[in-house]
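So the structure is just underneath, and the comments pick up after that.
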Amino acid sequence: MKDDIKRGYSWALIDGKQIVGTAVLQLRPEKNYAKIMDGQWIKPDEPYAIIHRLTIDQMAEPHHLGKLFLSNLVTVGSSSCGTGRSHEGGLLLI
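Using the numbering used here, you'd call the opening residue of the sequence shown number 3 and step up by one each time.
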């Protein structure tokens, strides 16, 4: 987590004055995704965003803040890289 913060990848969801969620949004290529087993990137020459380690405080869940947080991460990632897609290749509709 410290490395994510240092690299500027760590995002926080704040409700009032309390952190109720965290996630990693990486807008740079990831060496671990350079080669994909049993598949390929749909558009291999285009940039992509990666969302990792999304966590939401269970007390925030009744307010659907997790959905809001994920939606905002996808928006930031999509505006930087293009269309949002799931790990299975489907469009993300949030």
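C-beta: ideal position from N, C-alpha, C; glycine also.
Out of I53, F71, H66 and E63, point me to the one whose CA is closest to P31's CA.
Nearest C-alpha to P31: I53.
Less than 8 Å between the CB atoms is what I'm expecting for L27 and W13, so what's the real figure, rounded?
Confirmed, Cβ separation roughly 5 Å.
For I16, which three-state DSSP category applies?
Residue state, collapsed to three classes: strand.
Please tell me whether G18 and G68 are closer than 8 Å, where the distance is taken between their beta carbons.
Result no, Cβ atoms of G18 and G68 do not sit closer than 8 Å.
Quick one: Cα of D40 to Cα of Q20, how far?
In a straight line, the C-alpha of D40 is about 42 Å away from that of Q20.
Do L70 and L56 have their C-beta atoms closer together than 8 Å?
Their beta carbons are not under 8 Å apart, which means L70 does not touch L56 by this criterion.
Verify whether the separation of the beta carbon atoms of L29 and G79 is less than 8 Å.
Cβ distance < 8 Å, so L29 and G79 count as in contact.
Going by the CB atoms, is the gap between L75 and A36 shorter than 8 Å?
Their beta carbons are not under 8 Å apart, which means A36 does not touch L75 by this criterion.
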